[in-house]
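Working notes, beginning with the structure itself.
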Amino acid sequence: MENIVPKNFIQQQIVDDLAAGKNGNRVHTRFPPEPNGYLHIGHAKSICLNFGTAKLFGGLTNLRFDDTNPVKEDTEYVDSIMEDVKWLGFDWEDRLYYASDYFDKLYDFAVELIKRGKAYVDFQSQEVISEQRGTPTKAGVESPTRNTSPEENLRIFEEMRNGKYNEGACVLRAKIDMASPNMHLRDPLMYRILKQSHHRTGDKWCIYPMYDYAHGQSDYWEGITHSICTLEFEVHRPLYDWFVDELQETDYRPRQIEFSRLNITYTVMSKRKLLQLVKEGYVKDWDDPRMPTISGLRRRGYTPESIRNFADMIGVTKVDGVTDVAMLEFCIREDLNKRAQRLMCVTDPIKVIITNYPEGQSEAVEAINNPEDESMGKRKVPFSRVIYLEKEDFMEEPTNKFYRLAPGKEVRLRYAYFIKCQEVIKDEQGKIVALHCTYDPETKGGNAPDGRKVKATLHWVAAETALPCEVRLYDRLFTDADPDGNKEKDYLELLNPDSLQVLDHCFIEPFAKGAPALSNYQFERLGYFNVDPDTTPEKLVFNRTVSLKDNSKK
RNA sequence: UGCCCGAUAGUAUAAUGGUAGUACAUCAGACUCUGACUCUGAGUGUCUAGGUUCGAAUCCUGGUCGGGUAACCA
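For the first sequence, our numbering begins at 3 and goes up steadily by one.
Shown next as structure tokens:
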């Protein structure tokens with residue numbers, strides 16, 4: 003424990019707390035999502051921080067659903083959240099909790115606070131309460147019921163619980179300080195009436211605790227030592243501490259620490275906006291591969307390792323900034339480069355006839371499955387007279403820097419032969435329909451015995467044995483690096499109309515047959531792709547996770 | 001407008017009063033049967049004005065800029 007090197011200010015804080023002998027040297031964190039949406043990459047940062055930090059110090063992490071608002075919450079979200087946390091590689095073991103587990107204890111504690119004269123029922127309307135709260139420069143005014151006797155409050159609060167009052171008729175408030183410069187301390191609400199059935203407690207309750215009243219107590223009852231949350235809760239901390247003060251019986255005390263939430267260029271990260279993108283059909287669903295959700299990234303082909311590594315790379319601070327999406331892309335390229343099976347796939351085919359290759363003949367060439375990992379072995383790739391090449395790899399009138407195929411130019415077909423372009427075949431409209439090339443039989447395997455070199459090596463697929471497939475290319479969801487920060491335009495106006503491109507006439511080598519959903523590949527020279535769950539036995543569907551780095555502009 | 005928080009290359013971060021480092025991105029080069037990978041190199045930074053100190057990114061004061069906060073949301 004002494005030789006732990008803190009990686010960020012939170013871990014430093016924990017080192018200090020441990021040195022001060024706090025909490026019996028325990029470290030216990032929690033990840034507390036509200037089940038009102040799907041988890042996104044920002045949550046992944048928090049999950050890695052909470053689980054990773056606890057693990058570093060030999061501590062534990064709880065999963066706790068912050069389900070205090072039945073109006074917005076749903077079991078669909080509970081299920082997806084558990085799936086995503088597990089998929090990321092973290093385990094809460096037997097420590098799965100819900101804030102709703104504490105509804106009884108919370109109620110009892112509220113009763114206790116009322117008895118102590120520190121909470122009261124307020125029958126004023128929402129508008130009046132809001133007005134009485136004052137402004138940052140003007141102190142609030144006290145509610146007429148602020149000094150109702152505990153006995154009276156106890157009676158009314160019980161009536162509240164028993165459903166005597168309608169929604170909005172009254173609330174329970176903490177009696178703190180209507181003149182506090184911190185607005186959150188001006189007698190904050192503890193309970194409101196919601197005649198809503200809850201996804202776990204059903205119709206047992208018609209009053210539900212507010213976040214501020216539930217969160218710190220949940221932490222306390224679970225023995226959480228470090229309650230890590232995002233920056234917007236910083237001003238809530240005095241309130242968190244106020245409730246803990248009322249609860250604290252021993253030296254043990256949970257402590258809230260805030261860090262800045264993750265922003266990434268060319269996307270949005272608020273649940274509200276992501277929900278809108280889904281509900282209004284701008285994307286297909288929460289797991290649309292363009293979404294920054296964990297399920298979206300998973301479907302896109304991101305691996306848990308790459309996301310964990312990303313979380314590690316970006317660090318943890320209190321500075322609010324925007325992380326370049328290029329870092330995320332680096333992480334998945336780095337991971338998949340080591341692990342992905344290589345394949346050849348032609349996404350925008352042009353037919354090439356090798357005129358001196360005997361008709362009806364075919365053979366198999368040997369290809370390396372992953373040059374970064376010899377243990378992945380080799381495979382056979384069929385070769386024959388008619389093949390497909392990528393349209394982009396041919397230029398009738400090549401520019402200086404273009405060194406792929408052109409009339410009279412020789413290139414290598416990866417793992418196969420050198421070919422030379424002899425003739426460009428066009429239709430009546432002058433559109434190129436095919437290329438006639440000749441191959442050099444001496445170059446089998448990809449090397450010329452006479453030692454001559456070619457500048458380019460192209461990927462290809464033999465027509466006869468090619469598997470047709472669909473390839474979906476994704477681009478950034480927004481055209482603006484910071485769609486949230488744009489002052490002139492609403493983020494919806496900044497959606498990239500070309501974020502999805504479907505290529506429906508692609509050909510892939512037969513090795514791909516039967517590839518399981520979500521499996522990752524590198525299509526040589528194109529990028530990393532994975533099998534989309536839309537794949538059927540008849541038709542393979544691939545998503546481009548990320549392209550290869552491309553220096554061809556130079 | 002009150003209160004709270006923050007400010008280090010283009011971006012994200014490290015430096016715990018003692019040589020301003022790292023990663024991504026960018027550019028240049030080497031290598032190459034992927035214009036990939038890998039390798040080498042380059043440029044670019046402590047918001048500002050004072051103060052404390054032998055010495056300040058770090059401590060203090062003022063300013064500037066940015067963010068949060070005044071939901072019966074979390």
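Where is the CB? At the ideal position from N, CA and C, for every residue including glycine.
Quantities reported herein were computed from a predicted structural model and do not represent experimental measurements.
- Per DSSP, reduced to three states, the secondary structure at M378 is helical.
- Minimum Cα-Cα distance from F312 among the listed residues N358, D337, G323 corresponds to D337.
- Ranking Y304, G165, R175 by CA distance to the CA of N155 puts R175 first.
- Annotation for E331: the continuous alpha helix (DSSP H) segment containing it runs 327-341.
- Just so you know, the alpha carbons of Y476 and N498 end up roughly 10 Å apart.
- Residue state for R66 is assigned as strand, using DSSP reduced to three classes.
- Note on geometry: alpha-carbon atoms of N149 and V113 lie some 16 Å from one another.
- The way I'd put it, the segment 293-301 does touch the segment 75-93; three or more beta-carbon pairs between them come closer than 8 Å.
- Taking the Cβ atoms as the reference, V473 lies roughly 4 Å from L505, within the contact range of under 8 Å.
- Using a C-beta cut-off of 8 Å, the segment 174-190 makes contact with the segment 134-143, since at least three inter-stretch Cβ pairs fall below that distance.
- Taking one beta carbon from each stretch, the segment 96-103 and the segment 199-211 have 3 or more pairs nearer than 8 Å; the two touch.
- In the DSSP annotation of this structure, the continuous segment of the beta strand (DSSP E) that includes E368 starts and ends at 364-370.
- No Cβ-Cβ contact shorter than 7 Å links F11 with F53.
- Distance from Q14 to L58 at the Cβ level is roughly 12 Å; contact not present, criterion being Cβ atoms closer than 8 Å.
- With distances taken between CA atoms, G362 lies nearest to S386 out of V354, S386, E368.
- Beta-carbon to beta-carbon, L62 and F33 are separated by about 12 Å, too far to satisfy the 8 Å threshold.
- The alpha carbon of K446 has as its nearest neighbour, out of L415, L479, W462, P400, the alpha carbon of L415.
- Short of 6 Å from the beta carbon of A369, and not among the five residues preceding or following it, lie these beta carbons of its own chain, in chain order: R381, V383, Y417.
- Taking a 10 Å sphere around the C-beta of L41, we find 16 or more other C-beta atoms and assign the residue as buried.
- Using a Cβ-Cβ distance cut-off of 8 Å, the segment 298-307 and the segment 343-351 are not in contact, since fewer than three pairs of beta carbons, one from each stretch, lie closer than that value.
- If you look at W223, you'll find it in the alpha helix (DSSP H) that goes 213-224.
- Counting every other CB atom within 10 Å of its CB across the protein chains shown gives P146 a total below 16, marking it as exposed.
- Taken through DSSP and simplified to helix, strand or coil, L345 comes out as strand.
- With fewer than 16 other Cβ atoms inside 10 Å of its own Cβ, D247 counts as exposed.
- Between the alpha carbons of D124 and M329 lies a distance of about 51 Å.
- Of the candidates F67, K177, L90, K177 places its Cα closest to the Cα of I116.
- Taking C-alpha positions only, I43 is separated from M162 by approximately 40 Å.
- Per DSSP, reduced to three states, the secondary structure at E234 is helical.
- In this structure the segment 422-438 touches the segment 396-408; the number of beta carbon pairs closer than 8 Å is three or more.
- Taking a C-beta distance under 7 Å as the contact criterion, V388 and I355 qualify as a contact pair.
- The continuous alpha helix (DSSP H) containing K273 extends over residues 273-281.
- Scanning L196, Y268, I16 for the CA closest to the CA of S229 turns up I16.
- Here the alpha carbon of G225 sits roughly 19 Å from the alpha carbon of P240.
- A check of alpha carbon separations from D452 across D442, H461, A458 identifies D442 as the nearest.
- Pairing E129 with V548, the inter-Cα distance amounts to about 51 Å.
- Residue burial annotation: M315 is exposed, with fewer than 16 other C-beta atoms found within 10 angstroms of its C-beta.
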